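What follows is a set of notes on a single structure, which appears directly below.
Right, here's the structure in full:
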């Protein structure tokens, strides 16, 4: 426990805080560099889309028939937002 009521305690607390922030910044920099490197190698992060090319084609056909986002989503077994997002691309 650090006694922050004394000048030495406050100084020690400040030093510990500086090193904690240095650790956070180092982790952030390493993560950013790792992600940039992975992208430069052609890797794509994130979750795969539930909207396959076949589902997109079906959704486009159904949307052309004036069907609602919700009904298309129900038929495809995905969320309405996923359908809308895929067709907006």
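Numbering (the UniProt record's numbering), first residue to last: 1 to 89.
Where is the CB? At the ideal position from N, CA and C, for every residue including glycine.
Predicted model only: the values in this text are computed from it and were never measured.
query = Is the distance from the Cβ of residue 73 to the Cβ of residue 79 below 7 Å?
reply = Contact: yes.
message = Please state whether the Cβ-Cβ distance between residue 62 and residue 82 is less than 7 Å.
response = no
message = Whole angstroms are fine: how far does the CA of residue 36 sit from the CA of residue 26?
response = So the alpha carbons of these two residues sit roughly 15 Å apart.
key: Inter-residue CB distance, residue 76 and residue 55 (contact presumed, cutoff 8 Å)   = 5 Å
Between the CA atoms of residue 32 and residue 15 - distance to the nearest angstrom = 26 Å
inquiry  = Taking the beta carbon of residue 59 as the centre, do at least 16 other beta carbons fall within 10 Å, making it buried, or is it exposed?
reply    = buried
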